[in-house]
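Residue numbers (the numbering used here), protein chains in the order written: chain A, 137 to 473; chain B, 137 to 473.
Where is the CB? At the ideal position from N, CA and C, for every residue including glycine.
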DNA sequence: TTGAAAGCGCTAACAG
DNA sequence: CTGTTAGCGCTTTCAA
């Protein structure tokens with residue numbers, strides 16, 4: 137059927153060991169036999185089986201990527217850059233989408249281990265710390281992306297969530313808003329953004345209202361649901377800091393349903409700067425994560441750890457977020473109607 | 137390091153064959169030994185290596201998925217459903233994004249073969265027919281998704297592009313438009329949508345203007361570029377049928393740049409009904425593809441072909457598209473300004 | 001510079 | 001019902 141190393145060896149009239157050596161460029165072989173083998177390989181359209189190779193203990197040249205929801209543009213965009221960059225470096229990527237379910241995390245991680253991936257990239261929203269710990273001890277390189285949890289001894293590539301939260305809130309504060317709701321995800325990085333939010337208030341000497349801190353899972357629906365809730369309060373917020381673009385869009389849609397004008401009646405700022413932020417009208421003011429840079433960096437780091445072995449010192453790389461002011465935030469209007 | 141079948145055998149005081157049998161539920165083993173082996177496996181946290189298993193000729197339980205651009209919401213949404221459904225069926229998915237490059241197609245297909253995937257799902261935009269032919273002859277099941285090319289002897293799961301093109305155009309026609317530009321992708325399914333476009337004209341006894349048929353690659357930028365072009369004609373179109381949502385959004389943005397109001401000055405209809413179609417204002421009128429159904433179906437079909445072997449008769453499954461009328465299309469205004 | 005042979009972890013006859 | 005053994009395709013000593 138498909139050519140094996142034996143077929144090539146026979147055709148080239150050498151031993152399989154010789155063929156193996158020219159494939160891997162190991163040992164010393166005469167120029168002529170090398171040429172001959174190469175030629176036969178090409179002629180027979182031979183490609184070594186990764187499976188057999190992996191069984192001998194070599195790497196599989198495969199990375200695992202765990203995301204909570206590949207249909208969230210933030211993750212699909214990051215997956216794209218990771219995939220591209222990894223392939224440039226000769227690795228392929230198995231992408232698994234966990235749907236925010238712990239059981240799926242567990243299942244996929246076991247699966248990926250069984251497939252002998254060389255390294256694993258996990259992203260924001262990962263919940264099962266024990267599992268992680270287990271992977272670490274089993275020596276397979278793991279990196280966390282966009283999930284800045286200092287309590288784990290793992291390399292991290294992330295945006296500076298604290299700074300991002302601070303910037304977003306400060307922007308709103310500087311526009312005169314003081315009643316700002318923050319809708320955060322139930323993940324670590326959002327927790328840190330909340331810290332930035334509080335810090336921003338603090339530096340203005342205002343006390344944030346704890347009731348203004350909401351948490352949910354990333355989706356348009358949840359954003360909408362929460363803003364509807366918020367809007368039914370006696371004193372609704374005049375601005376919302378949504379911890380990602382999906383939620384921000386839900387907020388905008390919900391507010392519009394209530395007849396509010398964005399940004400005149402409600403300022404909204406998002407986070408991530410995905411494609412969604414550019415397609416709304418007005419376009420969404422948001423905090424940009426350097427998605428491409430982060431994706432490339434995480435690949436570089438994990439490849440480095442794979443090659444250097446697990447003794448490499450763990451890195452913690454924080455990218456600086458950027459405030460992108462577009463049309464969904466404006467100065468607070470006089471409240472006297 | 138990691139437990140192997142030998143470790144389990146020794147610990148359970150049986151042979152590896154016995155262990156193998158309980159793993160695979162083959163042969164007959166006494167209840168007691170089975171129990172013991174099971175228990176030891178659990179105790180040692182043993183999981184059979186996929187690599188070793190694959191080498192013996194069994195399946196890898198892995199599917200390949202080739203998309204041209206995972207950051208296009210259509211593909212990331214379809215990838216999500218495929219991934220979910222496949223995992224429910226016990227398969228994992230390797231997603232590769234080719235960036236619309238033939239060389240990458242080639243590279244990934246070779247790679248996937250080397251990894252001994254059980255089946256391959258390729259999507260719209262695939263270009264290299266020869267490669268496909270080669271895969272078919274090499275007996276590995278291949279299915280095409282959203283790319284309805286009757287010239288290939290492969291199973292197809294797709295939306296009815298002809299009907300979709302017809303519906304979109306008819307909708308515009310029924311609104312009084314007769315100067316409708318169609319911006320299609322350079323892929324087969326778009327070609328068929330163009331046929332539907334022409335058919336719609338024909339059934340109204342109008343002759344479409346060939347200059348109104350444009351082709352490009354899916355992206356917001358391209359949509360914008362083309363509409364800007366179109367708008368600079370002496371007699372610009374009054375409506376645009378964009379063959380996907382990304383292009384449609386580019387069209388909207390470009391038209392707005394020129395000061396046009398959507399839909400009053402220009403009606404726009406998209407295709408796909410991705411998340412993007414719901415986030416614009418006004419929301420995008422579009423032709424919906426049943427993404428979930430298609431994704432699930434394609435997984436079912438490929439698993440079926442994997443299990444039944446290549447003698448299964450090839451299927452051609454067409455889903456019916458649906459017109460979703462939202463805010464970007466309206467009746468043609470009187471042209472007298 | 002080349003080749004023989006052991007072994008990676010598992011499956012699948014075939015014996016017993 | 002259980003165990004022995006021969007591969008699967010490749011890498012890697014170790015000899016020649």
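Determine the chain B residues that contact residue i at a beta-carbon separation under 8 Å, and present them in chain order.
i	result
residue 209(A)	207, 209, 212, 411
residue 183(A)	246, 249, 250
Chain A partners of residue i, CB-CB under 7 Å?
i	result
residue 186(B)	250, 251
residue 190(B)	187
I need the DSSP call for residue i, collapsed to helix, strand or coil.
i	result
residue 413(A)	helix
residue 462(A)	coil
residue 219(B)	helix
residue 291(B)	strand
residue 256(A)	strand
residue 183(A)	coil
residue 336(B)	helix
residue 164(B)	coil
residue 472(A)	Confidence is the limiting factor: at residue 472(A) the pLDDT is only 41, short of 50, which leaves the residue's position unreliable and the question unanswerable from this model.
residue 176(A)	helix
residue 421(A)	strand
residue 212(B)	helix
residue 306(A)	helix
residue 150(B)	coil
residue 266(B)	helix
residue 445(B)	coil
residue 200(B)	strand
residue 454(A)	strand
residue 226(B)	coil
residue 374(A)	coil
residue 326(B)	helix
Going along chain B in order, which residues have a C-beta closer than 9 Å to the C-beta of residue i?
i	result
residue 289(A)	In chain order: nothing, as chain B lies at least about 20 Å away.
What does residue i touch in chain A if you count any residue whose Cβ is under 9 Å from its own?
i	result
residue 358(B)	Per Cβ cutoff of 9 Å: no residues; residue 358(B) is ~14 Å from chain A at best.
With 7 Å as the threshold, decide whether the Cβ of residue i is near any Cβ in chain B.
i	result
residue 326(A)	no
residue 204(A)	no
residue 155(A)	no
Would a check of beta-carbon distances place residue i closer than 7 Å to chain A?
i	result
residue 233(B)	yes
residue 472(B)	In this predicted model, residue 472(B) has a pLDDT of only 41, less than 50, meaning its place in the structure is not dependable; the value taken from the coordinates is given anyway. Chain A contact via Cβ: absent.
Short-range partners of chain A found in the stretch 385-418 of chain B, where Cβ spacing is below 7 Å: Here the close residues are 385, 412, 415, 416, 417.
Selection of the stretch 214-231 of chain B by Cβ proximity to chain A, strictly under 8 Å: Per Cβ criterion, the list reads 215, 216, 219, 220, 223, 228, 229, 230, 231.
contact_flag[the stretch 141-153 of chain B, the stretch 172-186 of chain B] where n(CB pairs < 8 Å) is 3 or more: By the C-beta criterion, the stretch 141-153 of chain B is judged to be in contact with the stretch 172-186 of chain B, since at least 3 inter-stretch pairs fall below 8 Å.
Contact between the stretch 463-470 of chain B and the stretch 310-327 of chain B (3+ Cβ pairs under 8 Å): Between the stretch 463-470 of chain B and the stretch 310-327 of chain B, the count of Cβ pairs shorter than 8 Å is three or higher; the stretches touch.
Contact between the stretch 249-261 of chain B and the stretch 266-276 of chain A (3+ Cβ pairs under 8 Å): No: the two stretches stay apart, fewer than three of their Cβ pairs being nearer than 8 Å.
Stretch-stretch touch, CB-based, cutoff 8 Å, three pairs: the stretch 157-166 of chain A with the stretch 209-218 of chain A: No, the stretch 157-166 of chain A is not in contact with the stretch 209-218 of chain A.
contact_flag[the stretch 221-234 of chain A, the stretch 197-211 of chain A] where n(CB pairs < 8 Å) is 3 or more: In short, these stretches touch, since the Cβ pair count reaches three.
At least three beta-carbon pairs within less than 8 Å, the stretch 284-295 of chain B to the stretch 422-439 of chain B: Using a Cβ-Cβ distance cut-off of 8 Å, the stretch 284-295 of chain B and the stretch 422-439 of chain B are in contact, since at least three pairs of beta carbons, one from each stretch, lie closer than that value.
Three CB pairs or more closer than 8 Å across the stretch 229-240 of chain B and the stretch 238-247 of chain A: Three or more beta-carbon pairs separated by less than 8 Å are not found between the stretch 229-240 of chain B and the stretch 238-247 of chain A, which leaves the two stretches without contact.
Stretch-stretch touch, CB-based, cutoff 8 Å, three pairs: the stretch 316-329 of chain A with the stretch 345-354 of chain A: A contact exists between the stretch 316-329 of chain A and the stretch 345-354 of chain A.
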